[in-house]
Amino acid sequence: MTTKPRIVVIGAGAFGGWTALHLLRRGARVILVDAWGPGNARASSGGETRIIRASYGPDRIYVQLVARALQLWRENEQHWQRKLYHRIGCLRMVGSDDPYENATVPILREAGVAFETLPHAELVRRFPQINFEGVMWAVLESDAGYLKARRACEAVLEGFQAEGGEFRALRADPGRIASGRMAGIRLSDGTALEADQYVFACGPWLGELFPDVIGDRIKPTRQEVFLFGTPAGDARFTDDGLPAFIDRSGPQFYGIPGNQWRGLKLADDDRGPVFDPTAGDRMPTNEGIEAARRYLEFRFPGMKGAPLVEARVCQYENSRDGHFIVDRHPDAPAVWLVGGGSGHGFKHGPAVGEMVAGLVLDDKSPDPFFSLARHGIKLG
Ligand SMILES: Cc1cc2nc3c(=O)[nH]c(=O)nc-3n(C[C@H](O)[C@H](O)[C@H](O)COP(=O)(O)OP(=O)(O)OC[C@H]3O[C@@H](n4cnc5c(N)ncnc54)[C@H](O)[C@@H]3O)c2cc1C
């Protein structure tokens, strides 16, 4: 009789939660640990919504991951009877002959993604509520849209527990690493846990937990998010009339209409200052509000004077090149480090979780694209 492998996953965000669920479904005994809970207000997976889209410039690997993730989002929301994916499309606005955006088109075609490229005149015809000044063309993906964020993390945890997984709401610290192995993890209630393998999916905290190996290879930055109230009874700016959008024409804003009746979400994708995810001040700045309002009124003239109805401060957990990190700890091969979502990780959660579960249980090497070697760390 074979015994089930025992795995501890630390972090119940988009990466850790789905990893724990996939490990469990593949027959492991899994304990999931999170200091503040899935999609909590400090986590990078917190808040209401995230965009899902497949346009990734020349990076084929993400297009394939999104395609798999979309399939898994659909299957699991059906399984749980919970709506998490809102298929409202996503419009990626391009200013000029941007090589990154030009690279997207053949890759989307090759991957079978449903999309159209729309020239300026067609954009003006289809979306009269948008001022397309400075936009030459756009990619409109019809299977794109938005995902519920914190609620999806909650759904994953509930699914995990319903299928027999164990959850502990505690802080975990890695044990001492010596002779190629880690001596378990220490929990904030004073207990310790030992397992066959460990997955640390601690988002913006990963550098703090592994200062030598990760350190500032994952840098949290402060990001402000605003929700503006739409005019009463006006569907032009809700998810009935507008797709999610990413503006690459100059200002790097993106937005999501609807958000469960919360308003039109707008955020600047430019990286803010370095941020402490545990104790950082989460009050939005006046400059941030003004910049968002300027963009809103320029791109969506019908939203002029719209009230700010909600705001929050989140953080991106940026790797140096913006690509995910999925690898073994160089001094302890049974310890996996998973993170570096870099402002685009959420949508990939189910596919990253599946990939990590496969690496852990099948004793495989990660794709070099996600390896620590890429970030200047060599395996010991
Ligand atoms: C404002 C904003 C907008 C974004 N927009 C998009 C988007 O539109 N589309 C998209 O795909 N992605 C987007 N992202 C990125 C995406 O949300 C993140 O990359 C992703 O959620 C990161 O998930 P994670 O599991 O790595 O980290 P987290 O969600 O931060 O999860 C880490 C978890 O680890 C726990 N933890 C940390 N340390 C410990 C410890 N020592 N012990 C126990 N638990 C611990 C934390 O409590 C936390 O729950 C956005 C991010 C932000 C902030």
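Numbering of the sequence shown is given in numbering that gives the first Met the number 0, commencing with residue 0 and proceeding in unit increments.
Yeah, the Cβ is synthetic: ideal placement off N, Cα and C, and Gly gets one too.
Contacting residues, own chain, Cβ-Cβ under 7 Å from residue i (five flanking each side not counted)
i: aspartate 215; result: Gly206
i: glutamate 296; result: Met302 and Lys303
i: methionine 135; result: Val93, Gly94, Ser95 and His119
Bounding residues of the beta strand (DSSP E) (the contiguous stretch that carries residue i)
i: glutamate 115; result: 114-118
i: alanine 333; result: 331-338
i: alanine 171; result: 171-173
i: histidine 328; result: 324-328
i: proline 219; result: 217-227
i: glycine 254; result: 252-255
i: phenylalanine 166; result: 165-167
i: threonine 48; result: 48-51
i: alanine 266; result: 263-267
i: arginine 235; result: No beta strand (DSSP E) contains arginine 235, which DSSP labels as neither H nor E.
Top-ranked residue by Cα proximity to residue i, from the options
i: arginine 73; options: Arg167, Arg261, Pro210 and Ala151; result: Ala151
i: leucine 107; options: Gly262, Phe227, Gly56 and Gly279; result: Gly56
i: methionine 92; options: Lys3, Tyr84, Leu336 and Pro242; result: Pro242
i: aspartate 33; options: Pro98, Gly375, Thr284 and Arg170; result: Arg170
i: cysteine 201; options: Tyr315, Gln128, Leu122 and Tyr145; result: Tyr315
i: threonine 2; options: Thr18, Gly15, Gly16 and Arg28; result: Arg28
i: serine 178; options: Glu353, Pro210, Asp330 and Glu121; result: Asp330
i: leucine 64; options: Gly348, Gly158, Asp280 and Phe209; result: Gly348
i: glutamate 384; options: Val7, Gln251, Ala19 and Leu307; result: Any question about residue 384 goes unanswered here, given that the chain covers just 0 to 379.
i: arginine 25; options: Arg5, Ser318, Tyr99 and Gly228; result: Arg5
i: arginine 373; options: Asp326, Glu193, Val155 and Gly45; result: Asp326
i: alanine 66; options: Phe126, Ser141, Met181 and Arg149; result: Ser141
i: lysine 79; options: Phe323, Leu226, Leu156 and Glu165; result: With the sequence shown as reference, residue 79 is identified as tryptophan, and lysine is not the correct amino acid for it. Ranking Phe323, Leu226, Leu156 and Glu165 by Cα distance to tryptophan 79 puts Leu156 first.
i: aspartate 238; options: Arg311, Glu309 and Ala143; result: Ala143
i: glycine 164; options: Ala333, Ala266, Ala278 and Leu31; result: Leu31
i: proline 332; options: Tyr61, Asn39, Ala182 and Leu146; result: Ala182
i: proline 272; options: Arg221, Trp260, Arg292 and Gly240; result: Arg221
i: phenylalanine 116; options: Phe345, Asn101 and Leu139; result: Before going on, a small fix: residue 116 reads as threonine here, not phenylalanine. Per the Cα distances, Leu139.
i: glycine 357; options: Trp335, Pro173 and Phe345; result: Trp335
Reduced DSSP secondary structure (H/G/I, E/B, other) of residue i
i: phenylalanine 244; result: strand
i: lysine 3; result: coil
i: arginine 149; result: helix
i: glutamate 140; result: strand
i: glutamate 309; result: strand
i: asparagine 130; result: coil
i: arginine 86; result: coil
i: methionine 282; result: coil
i: arginine 91; result: strand
i: tyrosine 388; result: Lying before the first or after the last residue shown, residue 388 is absent from the chain, which here runs from 0 to 379.
i: isoleucine 376; result: coil
i: valine 104; result: helix
i: alanine 110; result: helix
i: alanine 191; result: strand
Residue i CB to nearest heavy atom of ligand 1 below 8 Å
i: asparagine 39; result: yes
i: leucine 90; result: no
i: alanine 380; result: Outside the displayed range of the chain (0 to 379) lies residue 380, so it cannot be described from this structure.
i: tryptophan 72; result: no
i: leucine 208; result: yes
i: serine 318; result: no
i: isoleucine 50; result: yes
i: phenylalanine 345; result: yes
i: serine 248; result: no
i: phenylalanine 14; result: yes
i: tyrosine 84; result: no
i: glycine 386; result: In the structure displayed, the chain extends from 0 to 379; residue 386 sits before or after that span and is not available.
i: glycine 342; result: yes
i: serine 141; result: no
i: proline 203; result: yes
i: serine 370; result: no
i: tyrosine 253; result: yes
i: serine 44; result: yes
i: alanine 87; result: Alanine is not the amino acid found at residue 87; the sequence shown has isoleucine there. Every heavy atom of ligand 1 is 8 Å or more from the Cβ of isoleucine 87, so no.
i: isoleucine 9; result: yes
i: tryptophan 35; result: yes
i: tyrosine 55; result: no
Where the alpha helix (DSSP H) through residue i begins and ends
i: phenylalanine 199; result: Note, phenylalanine 199: premise wrong, no alpha helix (DSSP H); beta strand (DSSP E) at 196-199.
i: methionine 354; result: 348-361
i: arginine 24; result: 13-24
i: arginine 292; result: 285-298
i: isoleucine 60; result: 59-79
i: leucine 371; result: Here leucine 371 belongs to no alpha helix (DSSP H), and DSSP marks it neither H nor E.
Cut-off 6 Å between Cβ atoms - residues of its own chain near residue i, not counting five sequence neighbours on either side
i: phenylalanine 244; result: Leu90 and Gly254
i: glutamate 382; result: Past the boundaries of the shown model lies residue 382; the chain is included only from 0 to 379, so the question cannot be answered.
i: aspartate 188; result: Leu169
i: glycine 386; result: Because residue 386 is not part of the residues shown, which for the chain are 0 to 379, the question remains open.
i: proline 219; result: Pro203, Phe274, Pro276, Gln314 and Glu316
Close Cβ partners of residue i (< 8 Å) along its chain, the five nearest in sequence each way excluded
i: tryptophan 35; result: Arg41, Ala42 and Ala168
i: phenylalanine 299; result: Gln128, Ile129, Asn130, Phe236 and Leu263
i: glycine 249; result: Gly94 and Gly133
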